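Asker:
In this note's numbering, the protein residues as written are 19 to 357.
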């Protein structure tokens, strides 16, 4: 039969069967390792989150269990425990990583079915809606001044442009022409070309930055070409956001509970308080237009609402800088525009 033919060809069916069995992850721990190495690290920018959630919250209990022994009840218990601990965001993340992991495993024939199918979060996870007050921003700004390059100017740029963390991090000198910063589709989350008018305050920050051989406005340390190395590493953009936030927090006199995305949200709230309408804010943030308007707006996408965006960003930057320098203790977030 086939086995005899294989032996005649110099193959060892028993050994091949053993090899195939070994390459199939038997335990959840092995499957998680394969998922991280073969899928998450290759395909996901946020793979470290997956690794952290698996290591801290899932592997301690599931690591040595057989893949097929993980059932729907286990996934529900995992999610329920996070929700019972008043951690709805963690519950959402854990369900997402288990679902993604098993969907990948099923696709690669490493598992027969996903135990996460049909599992739902019990409560609606509230979106974070934290905005920062004048006093908090002033304290942060003072620390950013102390930080110096590159993190001080980077955080200021996030606040004044209201753009996403990764987009500001990967900002290139070539993308800036006069007072306009053009973010190409491949560099932004919305996958559309996005033009950001730069206020005089932002131009001041840019003009104060050192120019290096790196194409990036905020280059990674060691990301510059060095003459003393035979094969210089390609230039890289700034990274290590969590460490930078921790550094800011260590320097603050009074602790402030803040995250990087709060800067974008605060800027948006302030532009709303300065009476700029939602469609202008949407254009500043590069949010997708409403479905009914997509066809109409796509024609104008290249310079969509450019003058309105400039007005909003310039008004916000001027207001923010004036507040950073004032000694009053007024609250930055005024009441939103009515309607």
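Each residue gets a CB set at the ideal place from its N, CA and C atoms; glycine is no exception.
These numbers come from a predicted model, not from an experiment.
1) Taking the beta carbon of residue 186 as the centre, do at least 16 other beta carbons fall within 10 Å, making it buried, or is it exposed?
2) Which residues in the same chain have their Cβ closer than 8 Å to the Cβ of residue 139, if we skip the five residues on either side of it in sequence?
3) Classify residue 237 as helix, strand or coil using the three-state DSSP reduction.
4) So for residue 337, helix, strand or coil by DSSP?
5) Given that a residue counts as buried once 16 or more other Cβ atoms are within 10 Å of its Cβ, and exposed if not, what is residue 181?
6) Output needed for residue 54: all residues of its chain with C-beta closer than 7 Å, excluding positions within five of it in sequence on either side, in chain order.
7) Taking the alpha carbon of residue 215 as the reference point, which residue from 171, 334, 278 and 82 has its own alpha carbon closest?
8) Quick one: using the 10 Å Cβ neighbour count with 16 as the cut-off for buried, is residue 304 buried or exposed?
9) Can you grab the Cα-Cα spacing for the pair residue 323 / residue 124, in whole Å?
10) With DSSP as the reference, identify every bridge partner of residue 255, one or two as the case may be.
11) By the 10 Å Cβ neighbour count, where 16 or more other Cβ atoms means buried, how is residue 202 classified, buried or exposed?
12) Is it a yes or a no for the region 148-163 touching the region 249-262, going by three-plus beta-carbon pairs under 8 Å?
13) For the beta strand (DSSP E) that contains residue 214, what are its first and last residues?
14) Tell me, to the nearest whole angstrom, how far the beta carbon of residue 338 is from that of residue 177; I am working on the premise that it is less than 8 Å.
15) Comparing C-alpha positions only, which one of 52, 104 and 130 sits nearest to residue 89?
16) In this structure, what does DSSP give as the bridge partners for residue 201?
17) To which residues of the same chain is residue 43 closer than 7 Å at the C-beta, ignoring the five residues directly before and after it?
18) Counting along the chain, where does the alpha helix (DSSP H) carrying residue 279 start and finish?
19) If we count the other Cβ atoms within 10 Å of its Cβ and call it buried at 16 or more, is residue 217 buried or exposed?
20) Determine which residues share a DSSP beta bridge with residue 45 and list them.
21) Buried or exposed: which applies to residue 343, given that a residue is buried once 16 or more other Cβ atoms fall within 10 Å of its Cβ?
22) Quick check on the burial criterion: 16 or more other C-beta atoms within 10 angstroms. Buried or exposed for residue 275?
23) For residue 189, which residues from the same chain have a beta carbon less than 6 Å from its beta carbon, with the 5 sequence-adjacent residues on both sides left out?
24) Applying the 10 Å Cβ sphere with the 16-neighbour rule, what's the burial state of residue 306?
25) Please state whether DSSP places residue 219 in a helix, a strand or coil.
26) May I have the straight-line CA-CA distance separating residue 294 from residue 150, to the nearest angstrom?
27) Could you give the C-beta distance for residue 81 and residue 46, rounded to a whole number, given that I count them as a contact under 8 Å?
28) Is residue 62 helix, strand or coil when you go by DSSP?
29) Report the residue from 183, 92 and 148 whose alpha carbon sits nearest the alpha carbon of residue 259.
30) Quick one: what does DSSP say residue 275 is sitting in, helix, strand or coil?
31) Is residue 75 buried or exposed, if buried means 16 or more other CB atoms sit within 10 Å of its CB?
32) Ordered along the chain, which non-local residues of its own chain (more than five positions away) have a Cβ less than 8 Å from that of residue 286?
33) Leaving out the 5 sequence neighbours to the left and right, which residues in its chain are closer than 6 Å to residue 353 when beta-carbon positions are compared?
34) Measure the C-alpha to C-alpha separation of residue 118 and residue 329 and round it to an integer number of angstroms.
Answerer: Let me lay it out:
1) buried
2) 97, 101, 106, 109, 110 and 113
3) strand
4) helix
5) buried
6) 65, 68 and 69
7) 334
8) buried
9) 45 Å
10) 237
11) exposed
12) no
13) 212-215
14) 7 Å
15) 130
16) 212
17) 49, 52, 85 and 128
18) 278-291
19) buried
20) 84
21) exposed
22) exposed
23) 235
24) exposed
25) helix
26) 19 Å
27) 6 Å
28) coil
29) 183
30) coil
31) buried
32) 180, 299, 302 and 303
33) Bear in mind that the predicted position of residue 353 carries a pLDDT of just 35, short of 50, making it unreliable; the figure below should be weighed with that in mind. The answer is none, since no qualifying residue turns up.
34) 42 Å
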